[in-house]
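Take a look at the structure set out below.
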Amino acid sequence: LEDLRLRAQLPPAALDRLAEADAFGSLKLSRRQGMWAAKGAPPASSAPLFEAMGLNEADGQPPEALPKLTQAEEVVGDYQSIRLSLKGHPVAFLRKRMRRAGAMTAVEYQSVREDRRVAVGGVVLVRQRPGSAKGVVFLTLEDETGVANLVLWPDVFERLRPVAMGARLVLARGRVQRAEGVSHLVVEDLIDWTPMLRDLSEDQFKTASTPGSGHAPSSQNSSGQGLPTQGPAPNRGRHPRDVRLLPGSRDFH
């Protein structure tokens, strides 16, 4: 890393950013090792005391036994640094809980019969409220399999406005409609599952996926499909809007 810094004349801040983005794999450094090594790079101007003694403020190589990041933590690190990840999708790590809540994937809902009542969940990518749509709102959700198109009629949107406009991760339930080969979910209810995102970067993630850990109970509809009845247990120490693991959606009004 020191050789790279000297050859490219990189300031410490640039090394930090590269390490956070897991850019030092070719140097045999994991994200965590790279961040440790970057913090040990000499500052732009050395402290006089260390300089007089011929020492760096932070010297030394990363220890051999740094804890390895989980795959979920790696994905979170990618999203926080470069806003995407090739290692996985955040929703994939929450899939078991979504299954227990009765939610199917974006790919699965594309193939169910029209007018069936289903639930899908995902990260909110886009919110649209075209002026020509007479108050109809469109949401695009993304999970590890693809995207789902949601339609909210004006009265439904007004009832669900806080979740529709503020949530980063939602579970939506409604009825499937198809037009010109495109599937839409006409929303009846939206549940804010944003608090689940915090589990991706916390030690509690391993236990959060077990039964009885705050996942939503489900009810049965006429087709036997389990549907979520409430969101995850609230995190009383932190507001859901403070979960900053994912970039915000693109909103058009």
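So that you can map any letter, position 228 of the sequence shown is 228 in our numbering, and since no number is skipped, the others follow by simple counting. Glycine included, each C-beta is placed from N, C-alpha and C at the ideal position.
Check whether residue i and residue j have beta carbons under 9 Å apart
i	j	result
L160	L197	no
G135	P154	yes
A148	A106	yes
W193	G121	yes
L94	D199	yes
S81	E158	no
Cutoff 6 Å; reference residue i; Cβ partners in own chain excluding five residues on either side
i	result
L150	L139, A172, L185 and V187
A92	E144
L1	A37
M98	G121
F24	G34
G174	L185, V186, V187 and E188
Distance, residue j Cα to residue i Cα
i	j	result
Q128	M35	39 Å
V124	L6	42 Å
K87	L4	25 Å
I191	G102	13 Å
V137	P11	46 Å
Q254	L152	The first residue shown for the chain is 1 and the last is 253, placing residue 254 beyond what the model contains.
V75	G40	25 Å
D269	V156	Outside the shown range of the chain, which is 1 to 253, sits residue 269, and nothing can be said about it.
G77	L15	15 Å
P67	L141	34 Å
D115	V126	24 Å
S26	K96	34 Å
L18	G131	42 Å
F205	A13	Legend: pLDDT at F205 = 41, less than 50; position of this residue unreliable, no value from coordinates given.
K28	Q71	18 Å
A65	R100	37 Å
Buried versus exposed call for residue i [16 or more other C-beta atoms within 10 Å across all chains shown]
i	result
G181	exposed
V163	buried
Q9	exposed
A179	exposed
Own chain residues within Cβ distance below 8 Å of residue i, not counting five before or after
i	result
V112	M104, V118 and V176
Y109	V118, V120, A148, V176, S183 and L185
L69	S30, R31, R32 and G77
Any chain B beta carbon closer than 9 Å to residue i
i	result
S111	The question asks about chain B, but that chain is absent: this structure has only one protein chain.
### Query
What are the start and end residues of each continuous alpha helix (DSSP H) run of 4 or more residues lying completely inside the segment 64-118, in chain order?
71-82, 95-100 and 106-110
### Message
Quick check for students: name the residue ranges of the beta strand (DSSP E) that lie wholly in the segment 116-171, counting only runs of 3 or more.
### Response
117-128, 137-143 and 146-152
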